[in-house]
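Numbering (the numbering used here), first residue to last: 1048 to 1241.
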Amino acid sequence: MCALEEKPLREHARRVLASGVRIAAIALAHAWREPAHEHRVRDILLAEGFDHVSVSSELGSTIGLLARAETAVVNAFLSPVIDRYLDRVAAPLDEPSSMVVMTSSGGLVERENFEPKDSLLSGPAGGVVGAAAAGRAAGCARRQLRHGRHEHRLRPVRGRTRTRLPDPRRRRADRVAERRGRDRRRGRRVDLPR
């Protein structure tokens, strides 16, 4: 591994900051195995004045550079917007309160552990989780649930975009929900919880 040249990095960071950019995404070729350089670049960018830096090795451990880079870019792009929104939601809460946020897998995570890229499909996932809970409460969703897991199938929604919907005809639980995978949004591969 080559030594990181910090002086040119700092100079470039200052030029980028002078142009008005305040967020960054970092993805280095072999960071999935050795993330030390990505962490050092993050530390330098934050010290130079960046508001937010997304680090690919912290968001996913896939070998592919392109998938990690796209995930880091999406996360960096969404971070300021989602952070401001969550700050506004949390402001009126009494202390000590903890906030949990829904992810694309339909699960809840503490805000401190939440990454904005995990919110891309949280709306449809929340709808499925809510519908299943309402069905259970009404006693009519037994066929759609097995062992507490939702059965899904992929169904087109619009164009080439697909979302996961309950399939009442399937009897087996969807094991894919327990794995992490890649999803395509407008031609970009983004690591999402499944």
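Note that CB positions come from ideal geometry on N, CA and C, so glycine has one too. Just so you know, these numbers come straight off a predicted model, no measurement behind them.
The beta strand (DSSP E) with SER1101 in it runs from where to where?
1099–1102
Given 7 Å as the limit, tell me if MET1146 has its C-beta closer than that to any heavy atom belonging to the ligand GDP.
Within the structure as shown, the ligand GDP is missing, as the structure has no ligands at all.
Contacting residues, own chain, Cβ-Cβ under 6 Å from ARG1218 (five flanking each side not counted)
Residue placement at ARG1218 cannot be trusted, given a pLDDT of 37 that sits under 50; what the coordinates show is reported in the next sentence. Once the five neighbours on either side are set aside, ARG1218 has no close Cβ partner at all.
Should ARG1089 go down as buried or exposed, given a rule of 16 or more other Cβ atoms within 10 Å for buried?
Counting of Cβ neighbours within 10 angstroms places ARG1089 among the buried residues, the total reaching 16 or more.
Apart from the five residues on each side of it in sequence, which residues of its chain come closer than 7 Å, Cβ to Cβ, to MET1149?
Closer than 7 Å at the Cβ level, and outside the excluded window around MET1149, lie LEU1155, SER1169, ALA1172, GLY1173.
Quick check on the burial criterion: 16 or more other C-beta atoms within 10 angstroms. Buried or exposed for PRO1163?
buried
What does GLU1157 pair with, by DSSP beta-bridge criteria?
VAL1147
Taking one C-beta from the region 1089–1104 and one from the region 1133–1147 each time, how about it: are there three or more such pairs within less than 8 Å?
When Cβ pairs closer than 8 Å are counted between the two stretches, the region 1089–1104 is seen not to touch the region 1133–1147, the count staying below three.
Taking the CB atoms as reference points, tell me whether VAL1176 and GLY1153 lie closer together than 8 Å.
yes
If we count the other Cβ atoms within 10 Å of its Cβ and call it buried at 16 or more, is VAL1068 buried or exposed?
exposed
Relative to the C-alpha of LEU1125, which residue among ASP1165, PHE1097, SER1108 is closest?
ASP1165
If you compare alpha carbons, which of ALA1078, GLU1157, TRP1079, ILE1073 is closest to GLU1117?
ILE1073
Counting contacts by CB-CB distance shorter than 8 Å, is ARG1057 in contact with chain E?
This model lacks chain E altogether, as it is built from one protein chain only.
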